[in-house]
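Undergrad: The listed protein sequences correspond, in order, to chains F and B. Using the numbering used here, read the first sequence as starting at 1 and increasing by one per residue. Using the numbering used here, read the second sequence as starting at 1001 and increasing by one per residue. For each residue, glycine too, the CB sits at the ideal point set by N, CA and C. Below is the structure I would like to discuss, written out as structure tokens.
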Amino acid sequence: MYATTYHRPKSIEEAGQLASEEAMYLSGGQTLLPTMKQRLAAPESLIDLRHIDELKGISVEGRKVRIGAATTHFEVASSDALAKVCPGLCHLASLVGDPAVRHMGTIGGSIANNDPAADYPAGLLGLGATIITNQRSLSADAFFTGLFETALEEGELVTAVEFEAPEKAGYAKFRNPASRYAITGVFVARLGDGSVRVAVTGSGADGVFRHSGMEEALAGNFAAEAIDGTTVDAGALMSDLHASAEYRANLVKVMAKRAVQDAR
Amino acid sequence: MADINLTVNGRTVSGTCEDRTLLVQFIRENLGLTGTHVGCDTSQCGACVVHIDGKAVKSCTMLAAQADGAEVLTIEGLASGGELHPMQAAFREHHGLQCGFCTPGMIMTAVDMVRRHGGQLDEKTVRHELEGNICRCTGYHNIVKAILAAAEEMGAGAKVAAE
Ligand SMILES: Cc1cc2nc3c(=O)[nH]c(=O)nc-3n(C[C@H](O)[C@H](O)[C@H](O)COP(=O)(O)OP(=O)(O)OC[C@H]3O[C@@H](n4cnc5c(N)ncnc54)[C@H](O)[C@@H]3O)c2cc1C
Ligand code: FES
Ligand code: FES
């Protein structure tokens, strides 16, 4: 790892003031530190977000959910309040990495990184969540823009995510047994207005994406068999040593069905 | 440079290191506690697991500076006096190790697992929660056996007691 300077701000404002072209936010560090160890990132300074209380915690008021950016995967997976209104997201968080990774890794770090095989991008896109930053609010549709790409400007800090709890939601993941990232993961949510959102991670050549064919089919009939008649275009999917695009196209349908079956 | 103050295995320690120093380096090199191992550089093997403020964490994926002010428990802090912790004793009893390289991380992960689940651990949960710990020798069967045996011995009270 190259030399760096560590900062520990206590507020969002102070963190924002420390931001610069050469600095990076350090949340759980479960992606950034391995990347720095491999010298694939070399920020001159690190702005630790773990000691900023206003970035932490889960609040549920009626159907409105707010999760602070520095809330860990473990906290999301084990939140009783969240499990009452959206157990599908708790389930998703419980499948991220392993217990030690979940104790440190955070929702804000995961979505800011937007790894094409990460779980949270599918969850938040599937829920139609709003991403709150220290500058503005963005829909998940506008936030995730491509492989490891988001709409975040330089120095912009994700502070929280918000969403209306869906009527039902489920997540099914086919994991790479070595890395535990998704080879394909599908999050399905039926929202309060009866519309359905289907978000796919691990597969898209441009990262996380929605599948409108499945959304329409499931809005008409929220059952696994509704997915049989839909098609997944392998041309828009990734091929790598883990799985071919054609195999992933099949997995997307299989995972979507399981997500519907498991939706609660 | 970073000034680091920690409570390690109940003892207050302090030291100075570069900001980029990993917690595992600080533990091994500055504190001389070499029970915590480094088995990979990709954050995947779990040989380096310690407890930070009561939670299992990979000490190769945390800076010493991030841990400043925290309570750290390493494998050296588990036994009390001359007596092995029940988890250590169970690994010995059930042959949960061969070369022993992964063992400190396995045991720290296992103790954390029992803390969270109490005596209600089953084989499926143990296997799922060992996903971040890699063993090249044992084939895991005896590790799982040891954890289940220790969980039973530590009992359902373990979860409550730790909270
Ligand atoms: C062994 C292992 C297995 C894993 N398995 C999975 C898996 O199965 N599924 C999965 O989804 N992930 C997995 N991960 C990644 C893990 O979920 C990370 O926690 C997550 O990707 C990044 O979150 P973090 O809090 O650790 O962020 P960090 O590593 O601290 O930061 C990641 C990036 O986001 C930026 N950033 C962080 N917080 C903010 C913020 N609030 N605003 C703006 N930018 C920010 C940082 O500057 C950095 O560029 C795994 C990681 C490891 C080590
Ligand atoms: S040394 Fe920490 S996970 Fe391998
Ligand atoms: S006993 Fe040798 S690596 Fe586990």
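(1) What three-state label does DSSP hand C1017/B in the structure shown?
(2) Quick check on Q1098/B - is its C-beta less than 8 Å from some C-beta in chain F?
(3) Determine contact between the stretch 67 to 74 of chain F and the stretch 1098 to 1111 of chain B, defined as no fewer than three beta-carbon pairs at a distance below 8 Å.
(4) Take G97/F and list the residues in its own chain whose beta-carbon comes closer than 6 Å to its own, dropping the five residues that flank it on each side.
(5) Leaving out five residues on either side along the sequence, give the residues of the same chain with a beta carbon under 7 Å from the beta carbon of F1101/B.
(6) What first and last residue would you give for the alpha helix (DSSP H) that runs through S110/F?
(7) Taking buried to mean at least 16 other C-beta atoms within 10 Å of its own C-beta, is T1034/B buried or exposed?
(8) Do A140/F and I131/F count as a contact pair if the criterion is CB distance below 8 Å?
(9) Start and end of the beta strand (DSSP E) containing V1072/B?
(10) Taking 8 Å as the cut-off, decide whether the C-beta atoms of P121/F and I111/F are in contact.
(11) Distance, Cα to Cα, H1095/B vs A1146/B?
(12) Beta carbon of A1047/B: closer than 7 Å to some heavy atom of ligand 2?
(13) Return the Cβ separation of F144/F and N113/F in integer angstroms, given the expectation that the two are a contact with Cβ distance under 8 Å.
(14) Count the C-beta pairs between the stretch 154 to 174 of chain F and the stretch 241 to 261 of chain F that are closer than 8 Å, then say yes if the count reaches three, no if not.
(15) What's the gap between the Cα of I52/F and the Cα of T201/F?
(16) What residue from N176/F, G62/F, A165/F, L138/F has the CA that sits closest to A243/F's CA?
(17) Since E75/F sits in a beta bridge, which residues does DSSP pair it with?
(18) On the three-state DSSP scale, how would you describe G146/F?
(19) If we cut at 8 Å on Cβ distances, does L1073/B have a partner in chain F?
(20) What separation, rounded to the nearest whole angstrom, lies between the Cα atoms of A165/F and P87/F?
(21) In chain B, what lies closer than 7 Å to R180/F by C-beta?
(22) Tell me which residue opens and which closes the beta strand (DSSP E) that T35/F is part of.
(23) At the 8 Å Cβ level, is L1031/B part of the contact set with chain F, yes or no?
(24) With a threshold of 7 Å, establish whether the CB of G1039/B neighbours any heavy atom of ligand 2.
(25) Apply the 10 Å Cβ neighbour rule to V158/F and answer buried if 16 or more other Cβ atoms are within range, or exposed otherwise.
(26) Quick one: which residues of the stretch 1054 to 1071 of chain B get their C-beta closer than 7 Å to a C-beta of chain F? List them in chain order.
TA: Short version:
(1) By one-based count along the second sequence, residue 1017/B stands at place 17. Note: C1017/B maps to strand in three-state DSSP.
(2) One-based indexing of the second sequence puts residue 1098/B at position 98. With 8 Å as the cut-off, Q1098/B does not count as an interface residue toward chain F.
(3) No, the stretch 67 to 74 of chain F does not touch the stretch 1098 to 1111 of chain B.
(4) For the purposes of this step, residue 97/F is taken as residue 97 along the first sequence, with counting starting at 1. Hits under 6 Å: R180.
(5) Against the second sequence, residue 1101/B aligns to sequence position 101. H1037, G1039, A1047, listed in sequence order.
(6) For the purposes of this step, residue 110/F is taken as residue 110 along the first sequence, with counting starting at 1. If you look at S110/F, you'll find it in the alpha helix (DSSP H) that goes 107 to 113.
(7) The residue labelled residue 1034/B in the question sits at position 34 within the second sequence. Exposed is the call here.
(8) Within the first sequence, residue 131/F is the residue found at index 131, counting from 1. Within the first sequence, residue 140/F is the residue found at index 140, counting from 1. Contact flag set, yes.
(9) Your numbering for residue 1072/B matches position 72 in the second sequence. Element bounds for V1072/B: 1071 to 1073.
(10) Position 121 of the first sequence, counting from 1, holds the residue named residue 121/F. Position 111 of the first sequence, counting from 1, holds the residue named residue 111/F. At the C-beta level, P121/F and I111/F come within 8 Å of one another.
(11) Within the second sequence, numbered from 1, the residue matching residue 1095/B stands at position 95. Within the second sequence, numbered from 1, the residue matching residue 1146/B stands at position 146. Spanning the two alpha carbons is a distance of roughly 8 Å.
(12) Residue 1047/B sits at position 47 when you count from the first residue of the second sequence. Flag set: Cβ of A1047/B near ligand 2.
(13) For this step, residue 144/F is matched to residue 144 along the first sequence. For this step, residue 113/F is matched to residue 113 along the first sequence. A Cβ-Cβ separation of about 11 Å leaves F144/F out of contact with N113/F under the 8 Å criterion.
(14) Look at the beta carbons and you see the stretch 154 to 174 of chain F touching the stretch 241 to 261 of chain F: at least three pairs across the two are nearer than 8 Å.
(15) The residue given as residue 52/F occupies position 52 in the first sequence. The residue given as residue 201/F occupies position 201 in the first sequence. Near 30 Å, if we compare the C-alpha coordinates of T201/F and I52/F.
(16) Position 243 of the first sequence, counted from the first residue, corresponds to residue 243/F. Nearest to A243/F by alpha-carbon distance, out of N176/F, G62/F, A165/F, L138/F, is N176/F.
(17) Your numbering for residue 75/F matches position 75 in the first sequence. Paired residues: none, contrary to the question.
(18) As a first step, residue 146/F must be located in the first sequence, where it is residue number 146. Under the three-state reduction of DSSP output, G146/F falls in the strand class.
(19) As a working note, residue 1073/B is residue 73 in the second sequence. Taking a beta-carbon distance threshold of 8 Å, L1073/B does not count as an interface residue toward chain F.
(20) For this step, residue 165/F is matched to residue 165 along the first sequence. For this step, residue 87/F is matched to residue 87 along the first sequence. Going by the C-alpha atoms only, they are around 10 Å apart.
(21) Counting from one through the first sequence, the residue named residue 180/F turns up at place 180. Those within 7 Å of R180/F in chain B are E1131.
(22) Along the first sequence, read from residue 1 onward, the residue named residue 35/F stands at position 35. Segment 32 to 37 is the alpha helix (DSSP H) holding T35/F; no beta strand (DSSP E) there.
(23) Translated into the one-based positions of the second sequence, residue 1031/B becomes position 31. L1031/B is outside the set of residues whose beta carbon lies under 8 Å from a beta carbon in chain F.
(24) The count along the second sequence starts at 1 and reaches residue 1039/B at position 39. Flag set: Cβ of G1039/B near ligand 2.
(25) Residue mapping note: residue 158/F aligns to position 158 of the first sequence, counting from 1. By the 10 Å Cβ count, V158/F comes out buried.
(26) In summary, the residues of the stretch 1054 to 1071 of chain B whose CB is separated from some CB of chain F by less than 7 Å are K1055, A1056, V1057, K1058, T1061, M1062, L1063, A1065, Q1066, in the order they occur in the chain.
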